[in-house]
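Taking it in order: structure first as structure tokens, then the write-up.
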Amino acid sequence: LSPLLFNIALEPFLLSILQDQQMVSYQSPSILRCMLPEGSISNLKYLAYADDVCVFLHNQNGFNLLQSCMAYYGRVSNARFNEHNSEAFSLNGKRDASWADKLGTLRITTYSHLSPPRIYRAISIPGILLTLYYSPTSLP
Amino acid sequence: LVKKLLNPYPPGFIPSKFIDDNVLALSMVLEQAKSLELSVVGILLDQEKVCDRINAGNLKSTLHKFAFPQSSLIVSPKLFFGNKVQININGSLLNLSYKKDAFVRTIRCHLYCLT
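Okay, here's the thing in structure tokens:
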């Protein structure tokens, strides 16, 4: 039961991200929306599994808002985020100098533009996944 | 019940939610961002000893906000804190009371001994 309780304990943090209107969400691919349960993914702000939370940020204001969410959640729940173990990655595969500067000032030293973060690298088989989901014959 | 309480993007531990879903979603997002040249950054947050640091009072008030009954508010935090484990091996009861980080190792050792 404890993992379920952990879900509930983390829920306020996830909700604070979801409900922050100023934090721009990511318009997820339509192909993804139609393949997952209704309501599960429309505007994607984060992906979470267990204690790994991956937040998508469109601009640096979003990062400031995220930091506020983290600080508030940390104060009420005793959670602590490790910036030096957190990692950022560019979604479009290109390094953005302004993001690199911003992240550098916040002690997030890993800013990758060539590969997704470690947890997804470790378990993903991108070639197979993308082949499956982009092959016209595999679509309903 | 927990699935109904959580937002549509739960962090796992519920039926039909697998990390592969996230891998697929991230793959799709990466492909779209590349094709549209979207300047979006993903940040994977690392939390320090996340389960060990959960605050009992905060967990209790969160459960209260979720309208859990009072009896649950008393029992549920005990699943996180102050656990005491007893293992019965052929009628011989071992009392274990270890810190959480040592708990798994201890269980493994005992299971190994059993094998």
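Residue numbers (the working numbering), protein chains in the order written: chain W, 2 to 141; chain V, 276 to 390.
C-beta: ideal position from N, C-alpha, C; glycine also.
Best match in the options for proximity to residue i [C-alpha to C-alpha]
| i | options | result |
| --- | --- | --- |
| W:P13 | V:N363, V:H339, V:D321 and V:I318 | V:H339 |
| W:L16 | W:L104, W:P4 and W:V54 | W:V54 |
| V:E306 | W:S91, W:N65, W:Q20 and W:Y50 | W:S91 |
| V:G332 | W:R76, W:Y112 and W:L5 | W:R76 |
| W:L11 | V:V325, V:S367 and V:S310 | V:V325 |
| W:H114 | V:F293, V:S314 and V:I294 | V:S314 |
| W:I9 | W:D52, W:V25, W:T111 and W:D21 | W:D52 |
| W:K103 | V:I318, V:S310 and V:F293 | V:I318 |
Cα-Cα separation between residue i and residue j, rounded to whole angstroms
| i | j | result |
| --- | --- | --- |
| V:V316 | V:Q361 | 47 Å |
| V:A300 | W:F7 | 23 Å |
| W:Y27 | W:G105 | 24 Å |
| V:V298 | V:E312 | 20 Å |
| W:S125 | V:N363 | Only weak support exists for where W:S125 lies, its pLDDT of 46 falling under 50; the value from the coordinates is given anyway. Taking the straight line from one Cα to the other gives about 40 Å. |
| W:K95 | V:M303 | 17 Å |
| W:L19 | V:N365 | 51 Å |
| V:A342 | W:Q23 | 29 Å |
| W:Y50 | V:S347 | 25 Å |
| V:D295 | W:T111 | 24 Å |
| W:C70 | V:S367 | 49 Å |
| V:V350 | W:P4 | 15 Å |
| W:N60 | W:I109 | 16 Å |
| W:L45 | W:D21 | 13 Å |
| W:V25 | V:K279 | 25 Å |
| W:L67 | V:Q345 | 33 Å |
| V:E323 | V:N330 | 13 Å |
| V:L281 | V:S310 | 33 Å |
| W:P137 | V:F293 | With a pLDDT of only 39 at W:P137, under 50, the local geometry of the prediction cannot be trusted, and the value read off the model is given with reservation. Those two C-alpha atoms are separated by around 24 Å. |
Cβ-Cβ separation, residue j to residue i (assumed contact under 8 Å), whole Å
| i | j | result |
| --- | --- | --- |
| W:L107 | W:E84 | 6 Å |
| W:F57 | W:Y47 | 7 Å |
| W:F144 | V:L320 | No answer is possible for residue 144 of chain W: it lies beyond the span of chain W, which begins at 2 and ends at 141. |
| V:R328 | W:N86 | Contact doesn't hold; Cβ gap of about 14 Å is too wide. |
| W:N93 | V:A308 | 5 Å |
Within chain B, partners of residue i - CB distance below 9 Å
| i | result |
| --- | --- |
| W:Y73 | The structure shown contains no chain B; its protein chains are W and V. |
Count Cβ pairs between the region 96–116 of chain W and the region 329–344 of chain V that sit closer than 8 Å; are there 3 or more? The region 96–116 of chain W, when compared against the region 329–344 of chain V, does not touch it at the 8 Å Cβ threshold.
Quick check on the DSSP output: what are the complete beta strand (DSSP E) runs of length 3 or more inside the region 51–85 of chain W, in order along the chain? Listed in chain order, the beta strand (DSSP E) elements of length 3 or more contained wholly in the region 51–85 of chain W are 53–58.
What are the complete beta strand (DSSP E) segments, minimum 3 residues, inside the region 310–341 of chain V? Uninterrupted beta strand (DSSP E) stretches at least 3 residues long and entirely within the region 310–341 of chain V occur at 316–320, given in chain order.
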